[in-house]
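Input: a single structure, listed below in structure tokens.
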Ligand SMILES: Cc1cc2nc3c(=O)[nH]c(=O)nc-3n(C[C@H](O)[C@H](O)[C@H](O)COP(=O)(O)OP(=O)(O)OC[C@H]3O[C@@H](n4cnc5c(N)ncnc54)[C@H](O)[C@@H]3O)c2cc1C
């Protein structure tokens, strides 16, 4: 593996290199387009203004799902596409995308009732071409979730969806795109789309976030995959359709805060919106809210105290004996949905479908979901095709990830479960990760599924520029450990000292900046 493959800086304003395609945005949408474009044989560059997956794509609810509620809104095509994509990802990315069992309790005083849910789940299963739900009577359900609210409780359903580490999904696509010949630069902001006399796109002007150095890259076409920022480069061609940034927040709690072993989804008593509590990476993840986000998009979104109370009220209504409080939470995580709105509906009723707009070599893709990244990538590349030569290869029917053969047999260093997880997150590079790590580093960071070895490995190979990249997105311990993992920062420094080119002073600055950021955007907000 090559380490830190980011591009070399050129002279200010210099036309640096000719590309077939430049993708702006290193979230799931940009990463999906990048991966497929490289596989099709295009010379492709991806640029991300901050870190890969820094935007919404590291802050989702971690579900690869059809979305039962989208089906309930009559969005059958979106649900069916998502279910099909989910099935493919479960087959193609074991260890990264895994089955998620979801329980829905049924109460006699709530809608939808048992029959409507049964019908809905049957249709949902049909989309996956198999029955994927089971009804549990009251006693059977209570054997699985003994502490659920008992008043008016009649039983409940279990159905299947899938769960992912969203940031690792983005990184696996980007890393495999790089390994196949693409280039991806983080901390590189596009400041201008360059056009010729006929207004055809001819390049982009970029600025390095730290050195402020500017370069112009020339290209045949640009794909604008900037999520909530998309209208900065490409105002909506439909006067009534615009991006409406909607914030969704989550709480992260220790696993023993609630006696659940599967995801549970229920209606919030205040507004009847679906809310869930899941197990993710050895912690409980509770989400989510859905509110207009009027803040500056260049700042990390954060969870308000009202959102914390709303989510806790929801969970406490269904687990009344537990009386969870803000003090039980380890961290919060907020993200901004790039939702396209035609008039202000109730946020949760806004469409989650994507759009693709084309303007003389600039193709914009925004909206949509994490789950449907591949479908969005192909729709976007199809719209971009008039500006590109014929693709070298047809890839639409091939698995999106590089095949990993025979690795589990080769490793005695870790268990099969750990190997599966590493292969899912790092693909073929899992082999190198194990090879370069001592047995001590192949153990888990207490309270998480993350191995110590993942930290120096990602620091070496995955374009880490700041400590926050490493702890919040390469591995996720910043979300999983109290105070963002403060107690381990010295150990992390030791593990990465010979890898990251930071002197003692820089380490101290990075630690300080990381802890400040964690406090501002990921801690549990105090009562005013
Ligand atoms: C709370 C919440 C929960 C969700 N849960 C789920 C879920 O469970 N399952 C699911 O399928 N979907 C879910 N979604 C939706 C999903 O997360 C988003 O649709 C998806 O992540 C959007 O990806 P994106 O790449 O389009 O945008 P982003 O991830 O935001 O990426 C856009 C990137 O563009 C970069 N950028 C912007 N301007 C520039 C510039 N000038 N130059 C260079 N780069 C630039 C940004 O820094 C950013 O990183 C959820 C969303 C939210 C908010």
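Residue numbers (the working numbering): -14 to 513. Note that the Cβ used here is the ideal one computed from N, Cα and C, for glycine as well.
Cβ neighbour criterion (16 or more within 10 Å) applied to residue i
{"i": "residue 84", "result": "exposed"}
{"i": "residue 219", "result": "buried"}
{"i": "residue 225", "result": "exposed"}
{"i": "residue 328", "result": "exposed"}
{"i": "residue 148", "result": "buried"}
{"i": "residue 237", "result": "buried"}
{"i": "residue 375", "result": "exposed"}
{"i": "residue 386", "result": "buried"}
{"i": "residue 176", "result": "exposed"}
{"i": "residue 34", "result": "buried"}
{"i": "residue 209", "result": "buried"}
Where residue i falls: helix, strand or coil (DSSP)
{"i": "residue 214", "result": "helix"}
{"i": "residue -12", "result": "With a pLDDT of 47 at residue -12, under the threshold of 50, the modelled position of that residue is not reliable, and the figure given next carries that caveat. Looking at residue -12 - three-state DSSP - the assignment turns out to be coil, as it is neither helix nor strand."}
{"i": "residue 276", "result": "strand"}
{"i": "residue -7", "result": "Caution is warranted here: a pLDDT of 36 is assigned to residue -7, below 50, making its placement in the model unreliable, and the coordinate value is therefore given only provisionally. Coil, per DSSP."}
{"i": "residue 398", "result": "coil"}
{"i": "residue 146", "result": "strand"}
{"i": "residue 503", "result": "helix"}
{"i": "residue 25", "result": "coil"}
{"i": "residue 368", "result": "helix"}
{"i": "residue 350", "result": "strand"}
{"i": "residue 5", "result": "strand"}
{"i": "residue 260", "result": "strand"}
{"i": "residue 139", "result": "strand"}
{"i": "residue 151", "result": "helix"}
{"i": "residue 462", "result": "helix"}
Residue i versus residue j: straight-line alpha-carbon distance, rounded
{"i": "residue 509", "j": "residue 501", "result": "13 Å"}
{"i": "residue -8", "j": "residue 168", "result": "Here residue -8 scores only 38 on pLDDT, less than 50, and its place in the model is too uncertain to base an answer on."}
{"i": "residue 282", "j": "residue 230", "result": "9 Å"}
{"i": "residue 131", "j": "residue 118", "result": "20 Å"}
{"i": "residue -13", "j": "residue 446", "result": "Any answer about residue -13 is weak, because its pLDDT of 49 lies below 50 and its placement is not dependable; what the coordinates show is given next. Distance between the alpha carbons of residue -13 and residue 446: 7 Å."}
{"i": "residue 307", "j": "residue 412", "result": "40 Å"}
{"i": "residue 202", "j": "residue 479", "result": "38 Å"}
{"i": "residue 256", "j": "residue 298", "result": "12 Å"}
{"i": "residue 223", "j": "residue 344", "result": "13 Å"}
{"i": "residue 506", "j": "residue 318", "result": "7 Å"}
{"i": "residue 242", "j": "residue 367", "result": "48 Å"}
{"i": "residue 305", "j": "residue 160", "result": "45 Å"}
{"i": "residue 337", "j": "residue 3", "result": "35 Å"}
{"i": "residue 403", "j": "residue 290", "result": "37 Å"}
{"i": "residue 28", "j": "residue 80", "result": "30 Å"}
{"i": "residue 19", "j": "residue 37", "result": "12 Å"}
{"i": "residue 71", "j": "residue 64", "result": "10 Å"}
{"i": "residue 215", "j": "residue 47", "result": "23 Å"}
{"i": "residue 74", "j": "residue 380", "result": "15 Å"}
{"i": "residue 420", "j": "residue 433", "result": "22 Å"}
{"i": "residue 516", "j": "residue 485", "result": "Beyond the ends of the chain as shown, which are -14 and 513, falls residue 516; an answer cannot be given."}
{"i": "residue 112", "j": "residue 50", "result": "12 Å"}
{"i": "residue 10", "j": "residue 124", "result": "49 Å"}
{"i": "residue 456", "j": "residue 60", "result": "37 Å"}
{"i": "residue 76", "j": "residue 449", "result": "30 Å"}
{"i": "residue 22", "j": "residue 341", "result": "16 Å"}
{"i": "residue 436", "j": "residue 170", "result": "26 Å"}
{"i": "residue 86", "j": "residue 268", "result": "16 Å"}
Any non-hydrogen atom of ligand 1 closer than 8 Å to residue i Cβ
{"i": "residue 336", "result": "no"}
{"i": "residue 34", "result": "yes"}
{"i": "residue 354", "result": "yes"}
{"i": "residue 29", "result": "no"}
{"i": "residue 25", "result": "no"}
{"i": "residue 121", "result": "no"}
{"i": "residue 142", "result": "no"}
{"i": "residue 387", "result": "no"}
{"i": "residue 174", "result": "yes"}
{"i": "residue 56", "result": "no"}
{"i": "residue 311", "result": "no"}
{"i": "residue 321", "result": "yes"}
{"i": "residue 253", "result": "no"}
{"i": "residue 47", "result": "yes"}
Beta carbon proximity, residue i to chain C, threshold 9 Å
{"i": "residue 484", "result": "Looking for chain C here will not work: only one protein chain is present."}
Item to check | Whole beta strand (DSSP E) elements within the segment 59 to 116, 3-residue minimum | outcome: 82 to 92
Next on the checklist: Just to confirm the assignment: which complete beta strand (DSSP E) runs, minimum length 3, are found wholly within the segment 165 to 210?
Outcome noted: Those beta strand (DSSP E) runs which fall completely within the segment 165 to 210 and span 3+ residues are 168 to 170, 173 to 180, 186 to 193 and 199 to 209.
Item to check | Complete runs of the beta strand (DSSP E) confined to the segment 280 to 340 [at least 3 residues] | outcome: 316 to 326
Checklist entry - Taking only runs of the beta strand (DSSP E) that begin and end inside the segment 220 to 253, which ones reach a length of at least 3 residues, in chain order? => result 227 to 239 and 248 to 252
Next on the checklist: In chain order, what are the residue ranges of uninterrupted alpha helix (DSSP H) at least 4 long that sit wholly in the segment 7 to 54?
Outcome noted: 13 to 24
Checklist entry - Which whole runs of the beta strand (DSSP E) in the segment 370 to 457 are 3 residues long or more, in chain order? => result none
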